[in-house]
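One structure is given here, and the rest of the page talks about it.
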Amino acid sequence: MTKQYHDTILSDAALDQLYNHARTYNGWLDKDVSEDQLRAIYDLMKMAPTSANMQPGRFVWVRSQEAKERLAECASEGNKDKIRAAPVTVVIGYDIDFHEQLPWLFPHTDAKSWFEGDEEGRIEGAKRNSALQGAYMILAARAQGLDCGPMSGVDLDQVTGAFFADQPRVKADWVCSIGYGDPNTIFDRSPRPDFERFNSIA
5 MTKQYHDTIL
15 SDAALDQLYN
25 HARTYNGWLD
35 KDVSEDQLRA
45 IYDLMKMAPT
55 SANMQPGRFV
65 WVRSQEAKER
75 LAECASEGNK
85 DKIRAAPVTV
95 VIGYDIDFHE
105 QLPWLFPHTD
115 AKSWFEGDEE
125 GRIEGAKRNS
135 ALQGAYMILA
145 ARAQGLDCGP
155 MSGVDLDQVT
165 GAFFADQPRV
175 KADWVCSIGY
185 GDPNTIFDRS
195 PRPDFERFNS
205 IA
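Here it is in structure tokens:
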């Protein structure tokens, strides 16, 4: 029987590591991130929810210098060196035809039929849920003691061509560097709104 954790609140130290003291890094210490660490991140990320367990995210973990150069060529000028210096930068993409995998990912019912013939609906669902998976990835990396630097300043068509050319139904959406952040490269934390500003309880 699976233990239920619903009544357990994480320690202040854990919440600080995931949220309160975690920052977006622009530079990195000269420390490697291993393949085992990347697999550990994925193994946490995949457990988080997506609609009908669709798991539409497709990820390329860019570690080699050659791959970093290819990705940097797709980035805005301000992001090129960030990508080159990071131990790993992940390309987060989404599979438009994720529904082909639903017979084994969501075997309780014929979920594949829900999405057949509706490519626009699939794109909407894939983009939303792969973005969720990318957010889960950031939390998973932080849980492993790593830091993140998410970026949207890339030419997505170029990134798609460079990293998903063999998967014509997969499109790149954003990228995120992962490593051990250099504290000298972060800015002062920007303001965060209090609850009353953007929330209501109905």
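Every number in the numbering used here is 4 more than the matching position in the sequence shown, counting from 1.
Backbone N, C-alpha and C define an ideal beta-carbon position, used for all residues, glycine too.
Pair within 8 Å by beta-carbon distance, residue i and residue j
{"i": "Ser4", "j": "Cys152", "result": "Residue 4 lies beyond the residue range present for the chain, which begins at 5 and ends at 206; the question has no answer from this structure."}
{"i": "Asp99", "j": "Arg173", "result": "yes"}
{"i": "Gly4", "j": "Gly82", "result": "What the structure shows of the chain is the stretch from 5 to 206, and residue 4 is not part of that stretch, so it cannot be assessed."}
{"i": "Ser19", "j": "Ala56", "result": "For the sequence presented, residue 19 should be read as Leu rather than Ser. No, Cβ-Cβ distance for Leu19 and Ala56 is not below 8 Å."}
{"i": "Ala79", "j": "Gly183", "result": "no"}
{"i": "Ala76", "j": "Lys84", "result": "yes"}
{"i": "Leu150", "j": "Val37", "result": "yes"}
{"i": "Met58", "j": "Met141", "result": "no"}
{"i": "Asp27", "j": "Gln171", "result": "Correcting the residue type first, residue 27 is Arg in the shown sequence and not Asp. No, these two residues do not count as a Cβ contact at 8 Å."}
{"i": "Phe199", "j": "Val64", "result": "no"}
Coarse secondary structure for residue i, derived from DSSP in three states
{"i": "Ile100", "result": "coil"}
{"i": "Arg146", "result": "helix"}
{"i": "Pro154", "result": "strand"}
{"i": "Val179", "result": "strand"}
{"i": "Glu169", "result": "Note on identity: in this sequence residue 169 is Ala, with Glu being the wrong assignment. Note: Ala169 maps to coil in three-state DSSP."}
{"i": "Val37", "result": "coil"}
{"i": "Phe63", "result": "strand"}
{"i": "Ala79", "result": "strand"}
{"i": "Thr189", "result": "helix"}
{"i": "Thr164", "result": "helix"}
Cβ-based burial, residue i [other Cβ within 10 Å; buried from 16]
{"i": "Gln69", "result": "exposed"}
{"i": "Gly165", "result": "exposed"}
{"i": "His103", "result": "buried"}
{"i": "Ala52", "result": "exposed"}
{"i": "Asp177", "result": "buried"}
{"i": "Arg126", "result": "buried"}
{"i": "Pro187", "result": "exposed"}
{"i": "Pro197", "result": "exposed"}
{"i": "Lys35", "result": "exposed"}
{"i": "Ile205", "result": "exposed"}
{"i": "Ile13", "result": "exposed"}
{"i": "Ala17", "result": "exposed"}
Item to check | the stretch 32-47 contacting the stretch 82-102, beta-carbon criterion three pairs below 8 Å | outcome: With a cut-off of 8 Å, the stretch 82-102 and the stretch 32-47 count as touching, because enough Cβ pairs lie within range.
Item to check | At least three beta-carbon pairs within less than 8 Å, the stretch 137-150 to the stretch 110-125 | outcome: Between the stretch 137-150 and the stretch 110-125, the count of Cβ pairs shorter than 8 Å is below three; the stretches do not touch.
Checklist entry - Does the stretch 28-35 come close enough to the stretch 129-138 that 3 or more CB-CB pairs lie under 8 Å? => result These segments do not touch.
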